[in-house]
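What follows is a single structure, written as structure tokens, with notes after it.
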Amino acid sequence: MQSKTKKPAFPGEVILSAEQAQPFLDQIPEKNPACTFCGASLKGQPIRGYTHDGGWPVEGYEKLLWLYIKCPKCKYDYAIWKLGVPRSFNPKEVKN
Ligand SMILES: [Zn+2]
0 MQSKTKKPAF PGEVILSAEQ AQPFLDQIPE KNPACTFCGA SLKGQPIRGY THDGGWPVEG
60 YEKLLWLYIK CPKCKYDYAI WKLGVPRSFN PKEVKN
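The sequence shown lines up with residues 0 to 95 when you count with numbering that gives the first Met the number 0.
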């Protein structure tokens with residue numbers, strides 16, 4: 000299921016599938032996170048990412064990805080650790 004609004008914003012940016020994103024979303028304690036700048040809800044926004052050595056392992060990607068959720072209103076990028084996902088979280092270890 001692809002939404003037309005879920006397009007990468009720059010070359011190299013990827014958008015996680017719902018299945019890839021779910022283990023990370025499960026780590027976010029706040030189930031209805033809101034943007035601290037403009038107050039827009041971040042719930043339901045896709046997780047975006049790009050290759051980065053300090054990022055997280057993602058199912059289907061060989062390299063680590065820096066992951067973030069973009070505010071739909073003010074476009075601020077929230078790294079998922081700011082939303083409570085541990086930097087050491089590895090969904091591949093949880094799964095296996
Ligand atoms: Zn915002």
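Backbone N, C-alpha and C fix where the C-beta goes; we use that ideal spot for every residue, glycine too.
- Listed by position in the chain, the residues whose beta carbon lies within less than 6 Å of some heavy atom of ligand 1 are Cys34, Phe36, Cys37, Ala39, Cys70, Lys72, Cys73, Tyr75.
- DSSP places Leu24 in the uninterrupted alpha helix (DSSP H) bounded by 17 to 24.
- When the beta-carbon positions are compared, Trp65 and Gly83 stay at least 8 Å from each other.
- A straight-line Cα-Cα distance of about 13 Å links Lys69 and Leu15.
- About 5 Å separates the beta carbons of Pro56 and Asn89, which is inside the 8 Å limit, making them a contact pair.
- Phe23 counts as buried, since no fewer than 16 other beta carbons sit within 10 angstroms of its beta carbon.
- Per DSSP, reduced to three states, the secondary structure at Ile79 is helical.
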